[in-house]
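Reading through the structure tokens given below for one structure.
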Amino acid sequence: MNSSMILGAAGILAAAALAQAATGFGFSLLAVPLLGLVAGPVDAVVGSSVLACLINAVAVARDHGAVRWRTARTVLAAGLAGLPFGLLLLTVLPARSLTVLIAFCVLAGAAAIWRGLRIRGGRAAMLTSGFVSGLLTTATGVNGPPMAAAFSAMGLPPRQFRATLAAIFMVVGPLGVAGFVLAGQFTTRAGVIALAGLPAVVGGWWAGDRLFARLTDPDLFRRVVLAALCVASLITLARAVTA
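Counted the way the numbering used here counts, the sequence shown spans residues 8 to 250.
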């Protein structure tokens, strides 16, 4: 990678980190397709995954008192149960069709939440959101927006929302990176992306965290998250159409 490519990657990663800090999700969703144009899709996924692990670890370390650990454990357990069903679904339907379907479902869910849908934070809601997230992880690779939609409908306060999502992704992320290493996909270019992108991610997170601190009104935060869900769904649709 030459200097212009590294600078371009740094700008992309800074913007993605800002979005993650401000809303609690969206780093990989924003970073991967744009980084893929600069460094190739595989290296983009691997390099950004390493940085995502760092972001989530920092978020949990900073706001560990805000993490709803029971929710996180329940969602993770249900997510693991959903993984094989996602693989099964992937063998039945084309990945592109699944991605389009999920994007439309997230858009519909965001619209319903915008109109006042609320989900009680009971065990059934947590198990359902976790199972669906795990299913989507193996079927489409898109798990953040559906989980964010569920947490928004449950009415989690902003700091609990972000911290609990980070706690879940902090467990899932390293497993993915370990898989990349075992599969021999952790290349020199992916390492360059991770190292060169580190200062950009730190700066982007700092700016996003300043923005997050201003979103103290739950209703305002909810509107920001719903807007981010709509953008994420449109990006997902674009990726599916152009794949």
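Cβ atoms here follow ideal geometry from the backbone N, Cα and C, with glycine treated the same way.
Can you tell me whether residue i is buried or exposed, with buried defined as 16 or more other CB within 10 angstroms of its CB?
i: residue 191; result: exposed
i: residue 63; result: buried
i: residue 225; result: exposed
i: residue 166; result: buried
i: residue 11; result: exposed
i: residue 72; result: exposed
i: residue 229; result: buried
i: residue 17; result: buried
i: residue 206; result: exposed
i: residue 130; result: exposed
i: residue 153; result: buried
i: residue 248; result: exposed
i: residue 220; result: exposed
i: residue 176; result: buried
i: residue 208; result: buried
i: residue 75; result: buried
i: residue 227; result: exposed
i: residue 236; result: buried
i: residue 100; result: exposed
i: residue 222; result: buried
For the putative contact between residue i and residue j, defined by C-beta atoms under 8 Å, what is the C-beta separation to the nearest angstrom?
i: residue 36; j: residue 183; result: That pair is no contact at about 14 Å.
i: residue 211; j: residue 22; result: 6 Å
i: residue 107; j: residue 244; result: 6 Å
i: residue 321; j: residue 89; result: There is simply no residue 321 to check, as the chain begins at 8 and stops at 250 in what is shown.
i: residue 157; j: residue 136; result: 4 Å
i: residue 234; j: residue 174; result: 24 Å between Cβ atoms; not a contact.
i: residue 56; j: residue 180; result: 6 Å
i: residue 161; j: residue 115; result: About 17 Å; that fails the 8 Å criterion.
Does the beta-carbon distance from residue i to residue j come in below 8 Å?
i: residue 82; j: residue 159; result: no
i: residue 92; j: residue 142; result: yes
i: residue 232; j: residue 155; result: yes
i: residue 86; j: residue 144; result: yes
i: residue 201; j: residue 58; result: yes
i: residue 46; j: residue 34; result: no
i: residue 193; j: residue 53; result: yes
i: residue 215; j: residue 68; result: no
i: residue 20; j: residue 204; result: yes
i: residue 218; j: residue 84; result: no
i: residue 61; j: residue 51; result: no
i: residue 196; j: residue 8; result: yes
Within the segment 134–169, ranges of the alpha helix (DSSP H) (whole runs, at least 4 residues): Look at the segment 134–169 and you find these whole runs of alpha helix (DSSP H), each 4 residues long or longer: 151–160.
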